[in-house]
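Worksheet for the structure shown next.
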Amino acid sequence: MNAYQKTLSFEDDISVEKIVNSKIKPRVAGLFSGCGGLDLGFEKAGFNLVYANDIEPNVKDTYEHNLGPIEIKDICEVDKKGLPDFDILLAGIPCQPFSSAGNRQSTDDHRGNLFGEVMQVLKIKAPSVVIFENVRGFLSSKDENGVLMPDRIKSELKKRGYKTYYRLLNAADYGVPQNRYRVVIVGIKNSIDCEFEFPEPIPKTKKQTVGAVISKKPPRGEKLEVWGLSPQSLDIAKHIPPGGSWKQVPYEALPERLKKIRDNIKLYRSPNFYRRFDLDEIMGTVTAAGTPENSGIIHPLELRRYSVREIARFQSFPDNFKFIGQSVPSKYKMIGNAVPVMLAFHIALAIKQQIFLKK
Ligand SMILES: C[S@@+](CC[C@H](N)C(=O)[O-])C[C@H]1O[C@@H](n2cnc3c(N)ncnc32)[C@H](O)[C@@H]1O
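If you use our numbering, the sequence shown corresponds to residues 2 to 360, in order.
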């Protein structure tokens, strides 16, 4: 039984172990695979990775060390007819066009149209299942014609013979030590007899608190990798107690930009910058940018960012997963971009059980 299985208690007729170890190992192709959070969750649930792609050269060594080959190429330039056959397509499309942290240009931003590339792959390869993952802002984003993105995806999938199910999930409801909301869209071929049900949330435990995560020793022999804070961030952070934020920083210690926001706090909708989570809290969303201003990246007991291993643990990567990057910030980026492995594992189990083992 692996660490992911231990978080589960399915009272179903079929046990988790049976799902994972079943001889049926559906083939997976991962697009926008990054360092492989989503792909690893599927592998842990007994799927067989047959193809992976990402545009970012920096993820190659990490992906290949931990998972297997990855083609580094813009998806727009990939020879889609030349892809191997697969049963399920994973598409963790870049979230920037839909993120509240970005400027939300949706499909006007060319990254929003990467959906079109995924649709082409579906047309050519016709897998049984496709999975999209995106940020919460995706639910209220509109395409160039003013159609809500979930409706647009639904109609695009319908044209290609797929029925659509989607839901906003919080990773913390699936054993991940982090509050991270993501929209998961599942497209299933009409010919498959399945009314898909998303996995039910499981009760949270103390193991999901910041204190539990940081009290674990780092893997033996692993050097602590920490992206240093800027002098300005250090000046701000030293005033913030665990459980606090920039609200505890004295006015005179703030840089001019933040003073302006403090002066008009309601106009700026009371932002909660520089959140520093306490030991008994659940960590906030780990971001790719890793900025102390917009993510709770400051360690509660030491004046520093969380280390690479600590944020990897908040993303539920196993300790034997190695991050190999050209720079320490590039590791924060690939980890912050990932789908938490444990969340991916739960989704993968539900799909395997309901679609591939019931055929
Ligand atoms: C949200 S991240 C995916 C994270 C990944 N699914 C995981 O769980 O680790 C989106 C990824 O899309 C990749 N990407 C962006 N534009 C791309 C393109 N045109 N072609 C291929 N990959 C692209 C980025 O490099 C990034 O790794």
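Backbone N, C-alpha and C define an ideal beta-carbon position, used for all residues, glycine too.
Quick check on residue i: buried or exposed, where buried means 16 or more other Cβ atoms within 10 Å of its Cβ?
{"i": "E134", "result": "buried"}
{"i": "C77", "result": "exposed"}
{"i": "R270", "result": "exposed"}
{"i": "E118", "result": "buried"}
{"i": "K45", "result": "buried"}
{"i": "I125", "result": "exposed"}
{"i": "Y252", "result": "exposed"}
{"i": "P204", "result": "exposed"}
{"i": "N104", "result": "Bear in mind that a pLDDT of 49 at N104, under 50, signals an unreliable position, so the number given afterwards is only what the model happens to contain. Exposed, since its Cβ has fewer than 16 Cβ neighbours within 10 Å."}
{"i": "S142", "result": "buried"}
{"i": "S216", "result": "exposed"}
{"i": "A254", "result": "exposed"}
{"i": "Q354", "result": "buried"}
{"i": "L225", "result": "exposed"}
{"i": "S192", "result": "exposed"}
{"i": "D55", "result": "buried"}
{"i": "P85", "result": "exposed"}
{"i": "P27", "result": "buried"}
{"i": "L302", "result": "exposed"}
{"i": "K155", "result": "buried"}
{"i": "D75", "result": "exposed"}
{"i": "P232", "result": "exposed"}
{"i": "D264", "result": "exposed"}
{"i": "D13", "result": "Low confidence applies to D13: its pLDDT is 46, below 50, so where it sits in the model is not reliable, and the reading given next is rough at best. By the 10 Å Cβ count, D13 comes out exposed."}
{"i": "G83", "result": "exposed"}
{"i": "D281", "result": "exposed"}
{"i": "D88", "result": "buried"}
Would you please state the rounded distance, in angstroms, between the beta carbons of residue i and residue j? I believe it to be under 8 Å.
{"i": "L169", "j": "R137", "result": "6 Å"}
{"i": "Q209", "j": "A173", "result": "6 Å"}
{"i": "Y167", "j": "L344", "result": "Incorrect: roughly 15 Å between the Cβ atoms, too far for contact."}
{"i": "N67", "j": "Q327", "result": "About 17 Å; that fails the 8 Å criterion."}
{"i": "V29", "j": "L50", "result": "5 Å"}
{"i": "L123", "j": "G31", "result": "14 Å between Cβ atoms; not a contact."}
{"i": "V227", "j": "R305", "result": "5 Å"}
{"i": "V130", "j": "I189", "result": "5 Å"}
Less than 7 Å between the CB of residue i and some heavy atom of ligand 1, yes or no?
{"i": "D367", "result": "Here the chain covers residues 2 to 360 and nothing more, so residue 367 does not appear."}
{"i": "S34", "result": "yes"}
{"i": "I89", "result": "no"}
{"i": "A339", "result": "yes"}
{"i": "G38", "result": "yes"}
{"i": "V29", "result": "no"}
{"i": "D75", "result": "yes"}
{"i": "G93", "result": "yes"}
{"i": "V60", "result": "yes"}
{"i": "L115", "result": "yes"}
{"i": "C195", "result": "no"}
Among the residues of its own chain, which have a CB less than 7 Å from the CB of residue i, if the five just before and after it don't count?
{"i": "K267", "result": "none"}
{"i": "F11", "result": "Residue placement at F11 is poorly supported in this model, since its pLDDT is 43, which falls under 50; the coordinates still yield a value, given next. So the list reads V17, once near-sequence residues are dropped."}
{"i": "K61", "result": "I71, I73"}
{"i": "N321", "result": "none"}
{"i": "A127", "result": "none"}
In its own chain, which residues sit with a C-beta less than 8 Å from the C-beta of residue i, not counting the 5 before and 5 after it?
{"i": "S246", "result": "N273, F274, Y275, R276, R277"}
{"i": "L358", "result": "I15, I20, S23, I25"}
{"i": "V287", "result": "Q179, R181, S296, I298, I312, F315, Q316, I336, G337"}
{"i": "E157", "result": "F116, M120"}
{"i": "Q249", "result": "H240, I241, P242"}
{"i": "A291", "result": "Rather than Ala, the amino acid found at residue 291 in this sequence is Gly. Cβ neighbours of G291 beyond the five flanking positions: W228, I298, R306, I312, P330, Y333, K334, G337."}
{"i": "V340", "result": "G38, L39, G42, G93, E134, R183"}
{"i": "A213", "result": "P178, K207"}
{"i": "E201", "result": "none"}
{"i": "P256", "result": "Q233, I237"}
{"i": "Y163", "result": "L123, V131, G188, I189, K190, N191"}
Counting only the same chain and skipping the five closest in sequence on each side, list residues whose C-beta sits under 6 Å from that of residue i.
{"i": "F318", "result": "V342"}
{"i": "L350", "result": "I20, A46"}
{"i": "K332", "result": "V309, F324, G326"}
Between residue i and ligand 3, is the CB less than 7 Å from at least one heavy atom?
{"i": "F346", "result": "Ligands present in the displayed structure are limited to ligand 1, and ligand 3 is not among them."}
State yes or no: is the beta carbon of residue i nearer than 8 Å to at least one beta carbon in chain B?
{"i": "R153", "result": "Among the protein chains of the structure shown there is no chain B, as only one such chain exists."}
Problem set entry | Sequence ranges, beta strand (DSSP E) only - wholly within the stretch 45-85, length at least 3 | 49-55
Problem set entry | Contained alpha helix (DSSP H) runs [length at least 4] in the stretch 223-259, N- to C-terminal order | 232-238
Problem set entry | Contiguous alpha helix (DSSP H) assignments of at least 4 residues, all confined to the stretch 199-225 | 211-216
For this session: Taking only runs that begin and end inside the stretch 106-186, name each unbroken beta strand (DSSP E) of 3 or more residues, in chain order.
Result: Counting whole runs of 3 or more residues, the stretch 106-186 contains the beta strand (DSSP E) stretches 130-136, 163-171.
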